[in-house]
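Trainee: Position one of the sequence shown corresponds to residue 1 (UniProt numbering), numbered consecutively onward. Quick one: structure below, then a few questions.
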Amino acid sequence: MSDRWLTVAFISPALLLLLAMSVFPLLWALYLSFTDYSATRGGSAHFVWFENYTAILTSAQVHQRALTTLIYVVGAVTLQTVLGFTIAYLISRRTHGRGLLTTLFLIPMMLSPVVVGLFWRFMLDAQFGVINSMLGSLGLGQVEWLTRQQTALISLILVDTWQWTPFIMLIALAGLTAVPKYLYEAASIDRASEWFRFRTITLPLVWPLLLIAVLFRAIEAFRLFELVYILTSGGPGVSTETLSFHVYKVAFLGFNTGTASAYGILMVLIVIVLTQLYLRYLNKLKED
């Protein structure tokens with residue numbers, strides 16, 4: 001076989017699997033988004049064209065879920081970035097025990113989101129949770145973490161931060177350890193202050209890598225489902241119902257498959273557009 005056909009033979013199985021598992025479902029969802037198809041209703045689907053998209057974009061309920069998702073994404077990613085970079089910076093300054101500390105901080109990220117949601121649901125239980133037990137021993141009042149609108153979304157943000165801060169920390173730590181040592185040595189010779197070194201050497205060199213980590217985390221947070229399903233099921237009321245969880249309810253509780261497909265396509269488009277704008281900013285930052 002020629003090199004070309006040998007290359008095709010090796011790549012074809014993976015390419016066919018990719019088409020079957022990713023591209024075909026996406027195209028099928030795009031087709032269904034223009035129909036009134038329901039998974040529980042017999043008969044063929046009828047084209048309604050852009051009615052599903054119009055209903056979604058003009059729905060006040062969707063606007064509320066989008067706002068909830070935006071608050072969650074901004075709150076969780078910001079908190080994770082600040083904590084992750086701070087922890088990475090402190091670890092990078094240590095000469096002993098760095099590997100052990102890094103391993104310990106990475107443990108939450110290794111756990112399944114379902115497992116994390118289950119044990120945090122018990123820990124945040126209003127009556128029997130260990131968090132309220134600790135607050136009671138300190139003389140503080142009991143908090144209904146998951147059953148009050150004021151605290152339910154905050155609880156989701158804190159749990160997600162606990163699990164995914166190590167991801168930001170790991171990438172930031174890789175960037176910090178890659179900073180050339182001679183830059184710090186030159187700054188020491190010039191008697192530069194610690195803040196000057198951080199502001200002019202550390203942060204500019206780590207910032208592009210940190211922004212890439214923020215991009216990955218923002219995409220994952222936008223698709224949040226497991227923690228909402230396990231911890232609050234979108235409640236109390238709809239205060240923690242994100243877009244992904246709302247799509248689940250539309251598709252598998254209301255069985256409005258066509259509308260749910262339109263939701264999915266719109267979410268994909270939003271991620272693509274925002275990612276392209278973000279990548280343009282990264283490229284411009286790299287050129288500067």
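Don't be surprised by glycine CBs; every beta carbon is placed ideally from N, CA and C.
Assuming Leu118 contacts Ile230 (C-beta within less than 8 Å), just tell me the rounded distance between them.
Mentor: So it is a contact: roughly 6 Å between Cβ atoms.
Trainee: Counting beta carbon pairs with one atom in the region 207-223 and one in the region 95-102, are three or more of them shorter than 8 Å?
Mentor: Verdict: no, contact absent.
Trainee: Please state if the CB of Leu106 and the CB of Pro166 are separated by a distance shorter than 9 Å.
Mentor: Contact: yes.
Trainee: Taking the alpha carbon of Phe128 as the reference point, which residue from Val114, Trp145, Tyr182, Ile11 has its own alpha carbon closest?
Mentor: For Phe128, the nearest C-alpha among the options comes from Trp145.
Trainee: Counting only runs that start and end within the region 195-235, where is the alpha helix (DSSP H) found for 4 or more residues in a row?
Mentor: Counting only runs of 4 or more, we get 203-222.
Trainee: Less than 9 Å separating the beta-carbons of Leu224 and Ser244?
Mentor: Closer than 9 Å, so yes.
Trainee: Just to confirm, are Gly258 and Thr147 a CB contact at a threshold of 9 Å?
Mentor: No, the Cβ-Cβ distance between Gly258 and Thr147 is not below 9 Å.
Trainee: Going by DSSP in three states, Thr35 sits in which element: helix, strand or coil?
Mentor: Strand at Thr35.
Trainee: Locate the alpha helix (DSSP H) running through Ala126, then write down its first and last residues.
Mentor: First-last for Ala126: undefined, no H or E at that position.
Trainee: Three-state secondary structure (DSSP) at Phe50?
Mentor: Note: Phe50 maps to coil in three-state DSSP.
Trainee: With H, G and I counted as helix, E and B as strand and the rest as coil, what does DSSP make of Gly43?
Mentor: Residue state, collapsed to three classes: coil.
Trainee: Apart from the five residues just before and just after Glu241, which ones in its own chain have a Cβ nearer than 6 Å to its Cβ?
Mentor: Excluding sequence neighbours, Glu241 sits near Arg65, Gly234.
Trainee: Determine, using beta carbons only, whether Phe34 and Ala260 come nearer to each other than 9 Å.
Mentor: In this structure, Ala260 does not lie closer than 9 Å to Phe34 by Cβ.
Trainee: Are the Cβ atoms of Met169 and Thr102 separated by less than 9 Å?
Mentor: Yes, the pair counts as a contact, with Cβ atoms nearer than the cut-off.
Trainee: Which residues in the same chain have their Cβ closer than 8 Å to the Cβ of Ala126, if we skip the five residues on either side of it in sequence?
Mentor: Same-chain partners within the cutoff: Asn132, Gln142, Val143, Glu144, Trp145, Leu146, Thr147.
Trainee: Could you check if Tyr182 is buried or exposed, using at least 16 other CB atoms within 10 Å of its CB as the buried criterion?
Mentor: Exposed, since its Cβ has fewer than 16 Cβ neighbours within 10 Å.
Trainee: So, with DSSP's three-state summary, where would you put Gly264?
Mentor: In the structure shown, Gly264 sits in a helix (DSSP, three-state: H, G or I).
Trainee: Counting only runs of 4+ residues fully inside the region 89-123, write out the alpha helix (DSSP H) ranges in chain order.
Mentor: The qualifying runs are 98-110, 113-123.
Trainee: In angstroms, rounded to a whole number, what distance separates the CA positions of Ala213 and Glu287?
Mentor: Spanning the two alpha carbons is a distance of roughly 19 Å.
Trainee: Under a three-way DSSP split, which group does Asn132 fall into?
Mentor: Of the three classes helix, strand and coil, the one that applies to Asn132 here is helix, per DSSP.
Trainee: Counting beta carbon pairs with one atom in the region 246-256 and one in the region 10-19, are three or more of them shorter than 8 Å?
Mentor: With a cut-off of 8 Å, the region 246-256 and the region 10-19 do not count as touching, because too few Cβ pairs lie within range.
Trainee: What are the boundary residues of the alpha helix (DSSP H) that includes Thr58?
Mentor: Taken as a continuous stretch (DSSP letters only), Thr58 belongs to no alpha helix (DSSP H), as it is neither H nor E.
Trainee: In angstroms, rounded to a whole number, what distance separates the CA positions of Thr40 and His46?
Mentor: Spanning the two alpha carbons is a distance of roughly 15 Å.
Trainee: Tell whether a beta-carbon distance below 9 Å holds between Gln149 and Ser239.
Mentor: Yes, they are a contact pair.
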